[in-house]
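Going by numbering that gives the first Met the number 0, the first residue of the sequence shown is number 0, and it counts up by one from there. Every residue gets a Cβ at the ideal spot worked out from N, C-alpha and C, and that includes glycine. In this text, all values refer to a predicted model and were calculated from it rather than measured experimentally. See structure below.
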Amino acid sequence: MEKLPKNTLELIFFSAGISKEIRELHRIANSFGQAMARAGDLISFYENELTEIANAKGFDNIGKWAKNKAKSAIKKGKTL
Numbered sequence: 000m001e002k003l004p005k006n007t008l009e010l011i012f013f014s015a016g017i018s019k020e021i022r023e024l025h026r027i028a029n030s031f032g033q034a035m036a037r038a039g040d041l042i043s044f045y046e047n048e049l050t051e052i053a054n055a056k057g058f059d060n061i062g063k064w065a066k067n068k069a070k071s072a073i074k075k076g077k078t079l
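Next up, the structure:
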């Protein structure tokens, strides 16, 4: 026998007679959507950091600054 619903969405699906397979597909689609949103955030973050590095000009040690900027972006990107 199936487990009883734990939250409102599951209760709606359960009471409407929606099969377990369809509920599982809904759960998978939601987790995929969240993963895509996280990937989009990460891409946007890196684009912004790279744009800032690419547009930097007019000061000494730009190579060292860009290297440090890139290192900090990679470190922060791992947490996103």
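The alpha helix (DSSP H) that contains serine 14, what's its start and end?
7-14
Contact between the region 36-48 and the region 70-79 (3+ Cβ pairs under 8 Å):
yes
Which class does alanine 65 belong to by DSSP, given the choice of helix, strand or coil?
helix
Taking arginine 22 as the reference, give the member of Asn60, Ala36, Met35, Lys5 with the closest Cα.
Lys5
Short Cβ contact (8 Å threshold) for alanine 53 with tryptophan 64
Going by C-beta atoms, alanine 53 is not nearer than 8 Å to tryptophan 64.
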